[in-house]
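Heads up, the thing below is written out as structure tokens.
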Ligand SMILES: [Zn+2]
């Protein structure tokens, strides 16, 4: 049994937590608040194929340090995850790596939509948390850029009652923009090539297909004011359309290119402050349902290349909770909002059972997140200059309790 005494509940009243465990551990939780552990519904842990960027040994520790005990991993691997055999192989490798580090991280996998594997959608529907469709090209080779294939994906997913999760950027619109800016070399041009219209066009198309086939749809890493309005209208029509946004779209904007260059190059790109403000409003009004980190690490050497050579993607799983607790301290959202966005709504939308995992947070602790402390294999972040107020102290995952105060280099299980 794990017993934590002298905790505070969300309402500020005294609370004691008793959790089933093989070990007998009692902890004084004075000054700490207990929150349900987070789910990150959007990660790229890069296995199989790109273990130089990330693997499950490092990323599982990064997750625990970030108060995340469940992750949903994306299929744009090498080889891509497009059928039951690649799914099972991937699972075996993940389980092997989690066993090695002895971290009981919970996970689910997405199936990647692929033009040669439409019949796998129904076959794999009970094995995965959703069908990931890349409407525009990003990292990896997965891409559905013609209307007929896109139609087939939505039809098959709807028949299988499988959630469709889209990377909503219109490939054709993006290629047009690219031809205008091909001689430019500033990283900031990324936000113009992948313009708000690129996202808007794809989101419109995805919503109309969700309506046509009565498919359940989530717009991933939503980044623009216009998309917030599209999702608001879809919900008002009674469609099962949901929206996710990402920490880099909430906490960074195009000004970040000056300081961080290609490190903040990501798809869809960081936007103007007015889009950032629309996302926060979308959260307040319940139009945005979930936050997924889109944890997409690349090595520092890759990200230090010039624009055009550097790959897109930002790590995130380790900093989501401190960023959100800091935002709570700035009165941008409530602790209940955090639980809703990062746990409750994800369970409902993805239809996964609830668990008894918890995080104990010190809402007043202030510190900087230094790159050398990070557990993600890539060892960098675009938030290193921020002093954040509100940090996790313990993460409880599957009956195990981990101290995540970053006092030692290694993750300590009590
Ligand atoms: Zn992603």
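Numbering (this note's numbering), first residue to last: 60 to 473.
Note that CB positions come from ideal geometry on N, CA and C, so glycine has one too.
Of the choices the options, whose alpha-carbon is the least far from that of residue i?
i: residue 417; options: 397, 320 and 453; result: 453
i: residue 339; options: 374, 409, 282 and 460; result: 282
i: residue 432; options: 121, 101 and 110; result: 121
i: residue 311; options: 330, 320, 326 and 294; result: 330
i: residue 451; options: 75, 97 and 73; result: 97
i: residue 242; options: 367, 425, 472 and 435; result: 367
i: residue 395; options: 60, 68, 64 and 62; result: 68
i: residue 319; options: 350, 274, 372 and 214; result: 372
i: residue 327; options: 370, 150, 365 and 382; result: 370
i: residue 100; options: 128, 138 and 422; result: 128
i: residue 325; options: 228, 290 and 232; result: 228
i: residue 181; options: 113, 254 and 213; result: 213
i: residue 245; options: 272, 322, 289 and 208; result: 322
i: residue 264; options: 239, 290, 247 and 415; result: 290
i: residue 239; options: 231, 247 and 252; result: 252
i: residue 266; options: 292, 250 and 174; result: 292
i: residue 285; options: 177, 315, 341 and 143; result: 341
i: residue 388; options: 448, 305, 126 and 143; result: 448
i: residue 60; options: 81, 144 and 357; result: 81
Just verifying my parser: in three-state terms, what is the DSSP assignment at residue i?
i: residue 387; result: helix
i: residue 98; result: strand
i: residue 426; result: strand
i: residue 381; result: helix
i: residue 129; result: strand
i: residue 116; result: helix
i: residue 146; result: helix
i: residue 283; result: coil
i: residue 439; result: coil
i: residue 293; result: helix
i: residue 78; result: strand
i: residue 454; result: strand
i: residue 228; result: coil
i: residue 242; result: coil
i: residue 464; result: coil
i: residue 65; result: strand
i: residue 420; result: strand
i: residue 366; result: coil
Quick check on residue i: buried or exposed, where buried means 16 or more other Cβ atoms within 10 Å of its Cβ?
i: residue 335; result: buried
i: residue 155; result: exposed
i: residue 296; result: exposed
i: residue 359; result: exposed
i: residue 446; result: exposed
i: residue 355; result: buried
i: residue 258; result: buried
i: residue 37; result: The question about residue 37 has no answer here: the residues shown for the chain are numbered 60 through 473.
i: residue 466; result: exposed
i: residue 147; result: exposed
i: residue 255; result: buried
i: residue 171; result: buried
i: residue 459; result: buried
i: residue 274; result: buried
i: residue 233; result: buried
i: residue 217; result: buried
i: residue 440; result: buried
i: residue 412; result: exposed
i: residue 231; result: exposed
i: residue 343; result: exposed
Please report the Cβ distance between residue i and residue j, rounded to the nearest whole angstrom; I am assuming they are in contact, meaning their Cβ atoms lie under 8 Å.
i: residue 133; j: residue 160; result: The Cβ separation is near 21 Å, so there is no contact.
i: residue 223; j: residue 269; result: 7 Å
i: residue 130; j: residue 164; result: 7 Å
i: residue 226; j: residue 195; result: 6 Å
i: residue 463; j: residue 123; result: 6 Å
i: residue 29; j: residue 349; result: Here the chain covers residues 60 to 473 and nothing more, so residue 29 does not appear.
i: residue 435; j: residue 117; result: 6 Å
i: residue 276; j: residue 300; result: 5 Å
i: residue 88; j: residue 136; result: Incorrect: roughly 39 Å between the Cβ atoms, too far for contact.
i: residue 382; j: residue 442; result: 7 Å
i: residue 142; j: residue 183; result: 7 Å
i: residue 138; j: residue 144; result: About 10 Å separates the two Cβ atoms, so there is no contact after all.
Of all Cβ atoms in chain C, is any one closer than 8 Å to the Cβ of residue i?
i: residue 257; result: The structure shown has no chain C; it contains just one protein chain.
Inset, instruction - Go through the residues and name those whose CB comes closer than 6 Å to any heavy atom of ligand 2, in chain order. - result: Looking for ligand 2 in the displayed structure turns up nothing; the ligands present are ligand 1.
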